[in-house]
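Residue numbers (UniProt numbering): 1 to 68.
Each residue gets a CB set at the ideal place from its N, CA and C atoms; glycine is no exception.
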């Protein structure tokens, strides 16, 4: 079962990937997985979810290259 447990409304000049830390701070319970779109496919955000011990379900960005 999937459910939305955090949300963030951002201004148009803010990218999706800049709000992940804020979203994770909203969560008060243990989560196993996090689903997000390709905007979150960055090394920085994989490091954040690794610290939280969460499995990232994030597709690669359109312009992604191996090892990036």
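Buried versus exposed, by CB contacts within 10 Å (16 or more), residue i
i	result
residue 5	exposed
residue 11	exposed
residue 45	buried
residue 9	exposed
Integer-rounded CB distance, given that residue j should sit under 8 angstroms from residue i
i	j	result
residue 15	residue 39	6 angstroms
Cβ-Cβ distance between residue i and residue j below 9 angstroms
i	j	result
residue 56	residue 49	yes
residue 35	residue 58	yes
- If you scan the UniProt domain "Transposase IS4-like" (2-66) from start to end, which runs of the alpha helix (DSSP H) of 4 or more residues do you find wholly inside it? When DSSP assignments are scanned along the UniProt domain "Transposase IS4-like" (2-66), the uninterrupted stretches of alpha helix (DSSP H) that are 4 or more residues long and fall wholly within it turn out to be 20-26, 43-51.
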